[in-house]
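When we follow full-length UniProt numbering, the leftmost residue of the sequence shown carries the number 1, and every step to the right adds one. Below: one structure, written as structure tokens.
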Amino acid sequence: MKKNTVDPSGFYHALCHSEKDLKKHIRSKLTAHKPRRYIYKDAPYTEAAVLIPIFFKDGQAHVLFTRRTEIVEHHKGQVSFPGGKRDETDTDLLTTALRESEEEVGLQSDDVTILGQTDVFLTNTHYLVTPYVGFFPYPYNFKISRGEIAHLIETPLLHLMQDRHFEIKPWQKGNETWMVHFYYFNDETIWGVTGFLLSNFLSVVFGLERNNFEVKNAR
């Protein structure tokens with residue numbers, strides 16, 4: 001699917017309304033994909049991982065996001081995927097993603113079917129984030145950590161794939177100019193590293209041309 005076009009064959013529309021076919025498609029694309037690292041400068045970093053959680057609601061695929069509270073240390077009030085930094089006790093980064101998802105929203109690891117990994121990104125707060133894509137059953141008995149999560153956002157996948165809900169804008173921080181990805185759903189704005197991770201997922205899995213992650217004048 002090219003940017004600024006629709007889905008003339010209805011392929012993605014049909015895919016997003018069939019859980020079996022969508023799982024098969026995502027698994028196939030991620031199995032064939034060799035994850036890359038987007039690191040824009042040499043700097044110390046902390047390893048972290050997130051879960052890109054997908055579920056079916058009202059017969060179509062949705063993506064689960066969280067809105068962070070204003071009292072967390074980083075990315076206050078922003079929309080994020082469940083996840084966080086790696087603990088010393090985590091055997092690997094997938095363990096990190098699943099542990100953090102359970103701590104933040106009560107999503108049990110046994111209820112998540114992992115389909116693969118997308119590309120790794122370094123944030124401007126020096127977290128190197130590894131994303132994993134997983135399905136979980138719905139409805140689900142979420143248990144939200146109120147100190148970390150203000151509320152959950154259930155967004156139709158097809159909505160995120162439509163160009164009219166997406167834009168790239170320059171964002172300045174110090175001597176760096178980031179081309180930041182923005183997604184809009186109702187009153188929510190998905191941007192920052194979550195916007196990058198979402199764009200990368202849509203590019204790798206569905207071929208949307210949204211892999212523009214340029215950082216200018218980075219040191």
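Idealized CB from N, CA, C, for every residue including glycine.
Task: Start-end ranges of the alpha helix (DSSP H) lying completely within the UniProt domain "Nudix hydrolase" (45-177), minimum 4 residues - done: Along the length of the UniProt domain "Nudix hydrolase" (45-177), whole alpha helix (DSSP H) runs at least 4 residues long occupy 93-105 and 157-161, reported in chain order.
TODO: Pull up the DSSP beta-bridge partners for valine 180, would you.
DONE: Residue 180 sits at position 180 when you count from the first residue of the sequence shown. Bridge partners of valine 180: Lys169.
- [ ] Could you have a look at isoleucine 39 and say whether DSSP puts it in helix, strand or coil?
- [x] Here residue 39 refers to the residue found at position 39 of the sequence shown. Residue state, collapsed to three classes: coil.
TODO: Compare the beta carbon distance of lysine 41 and leucine 122 with 9 Å and say whether it is the shorter of the two.
DONE: One-based indexing of the sequence shown puts residue 41 at position 41. One-based indexing of the sequence shown puts residue 122 at position 122. Taking the C-beta atoms as reference points, leucine 122 is found nearer than 9 Å to lysine 41.
Task: Test: lysine 169 CB closer than 9 Å to a CB of chain D - done: Absent from the structure: chain D. Only one protein chain is present.
Open item on the list: Tell me the DSSP secondary structure of glutamate 209 in three-state form.
Closed with: For this step, residue 209 is matched to residue 209 along the sequence shown. Coil at glutamate 209, not helix or strand.
Open item on the list: Are the CB atoms of phenylalanine 185 and leucine 160 within a distance shorter than 9 Å?
Closed with: One-based indexing of the sequence shown puts residue 160 at position 160. One-based indexing of the sequence shown puts residue 185 at position 185. Their beta carbons are under 9 Å apart, which means leucine 160 touches phenylalanine 185 by this criterion.
Open item on the list: Let me confirm a value: asparagine 200 is counted as buried when at least 16 other C-beta atoms fall within 10 Å, else exposed. Which label applies?
Closed with: Here residue 200 refers to the residue found at position 200 of the sequence shown. Asparagine 200 comes out buried.
- [ ] Kindly identify the DSSP beta-bridge partner or partners of threonine 189.
- [x] Within the sequence shown, the letter at position 189 stands for residue 189. Partner(s): Tyr184.
TODO: Using the Cα positions of aspartate 7 and aspartate 87, report the straight-line distance between them to the nearest angstrom.
DONE: Here residue 7 is taken as the residue at index 7 of the sequence shown, counted from 1. Here residue 87 is taken as the residue at index 87 of the sequence shown, counted from 1. So the alpha carbons of these two residues sit roughly 42 Å apart.
Open item on the list: I'd like to know whether the C-beta atoms of phenylalanine 136 and leucine 94 end up nearer to each other than 9 Å.
Closed with: As a first step, residue 136 must be located in the sequence shown, where it is residue number 136. As a first step, residue 94 must be located in the sequence shown, where it is residue number 94. Taking the C-beta atoms as reference points, leucine 94 is found no nearer than 9 Å to phenylalanine 136.
Open item on the list: Can you give me the C-alpha to C-alpha distance between phenylalanine 65 and asparagine 175, rounded to a whole angstrom?
Closed with: Here residue 65 refers to the residue found at position 65 when the sequence shown is read from its first residue. Here residue 175 refers to the residue found at position 175 when the sequence shown is read from its first residue. For phenylalanine 65 and asparagine 175, the distance between alpha carbons rounds to 30 Å.
Task: Start-to-end residues for the alpha helix (DSSP H) that takes in histidine 13 - done: Here residue 13 refers to the residue found at position 13 of the sequence shown. Per DSSP, histidine 13 belongs to the alpha helix (DSSP H) from 11-15.
Open item on the list: Measuring straight from C-alpha to C-alpha, what distance separates residue 227 and lysine 57?
Closed with: Residue 227 lies beyond the range of the chain shown here (1 to 219); nothing can be said about it.
- [ ] For threonine 46, collect the residues of the same chain with a Cβ closer than 8 Å to its Cβ; drop the 5 residues on either side in sequence, then sort them by chain order.
- [x] Mapped onto the sequence shown, residue 46 falls at position 46. If the five residues before and after threonine 46 are omitted, its C-beta is found closer than 8 Å to the C-beta atoms of Lys85, Arg86, His126, Tyr127 and Leu128, all from its own chain and listed in chain order.
Task: Rounded distance between the beta-carbons of alanine 97 and glycine 83, thought under 8 Å - done: Locating residue 83 in the sequence shown gives position 83, counting from the first residue. Locating residue 97 in the sequence shown gives position 97, counting from the first residue. Contact annotation, glycine 83 with alanine 97: C-beta distance approximately 5 Å; criterion of less than 8 Å satisfied.
Open item on the list: Quick check on the DSSP output: the alpha helix (DSSP H) that includes lysine 29 runs from which residue to which?
Closed with: On the sequence shown, position 29 is the one that residue 29 refers to. Residue range 19-32 is occupied by the alpha helix (DSSP H) that includes lysine 29.
Open item on the list: Suppose the cutoff is 8 Å on Cβ atoms and the five residues either side in sequence are ignored; what does the same chain contact list for threonine 69 look like?
Closed with: Position 69 of the sequence shown, counted from the start, is the residue given in the question as residue 69. Lys76, Gly77, Arg146, Gly147, Glu148, Ile149 and Ala150.
- [ ] Figure out for me which residue from Leu30, Tyr38, Gly134 and Ser18 has the closest Cα to the Cα of proline 53.
- [x] Your numbering for residue 53 matches position 53 in the sequence shown. Proline 53 has its Cα closest to that of Gly134, out of Leu30, Tyr38, Gly134 and Ser18.
Open item on the list: Could you compute how far the alpha carbon of glycine 116 sits from the alpha carbon of valine 205?
Closed with: Mapped onto the sequence shown, residue 116 falls at position 116. Mapped onto the sequence shown, residue 205 falls at position 205. If I take the Cα positions, the gap works out to 11 Å.
Open item on the list: Suppose you measure from the CA of tyrosine 183 to the CA of serine 203; what does that come to, to the nearest Å?
Closed with: Numbered from its first residue, the sequence shown carries residue 183 at position 183. Numbered from its first residue, the sequence shown carries residue 203 at position 203. Between tyrosine 183 and serine 203, the C-alpha separation is close to 14 Å.
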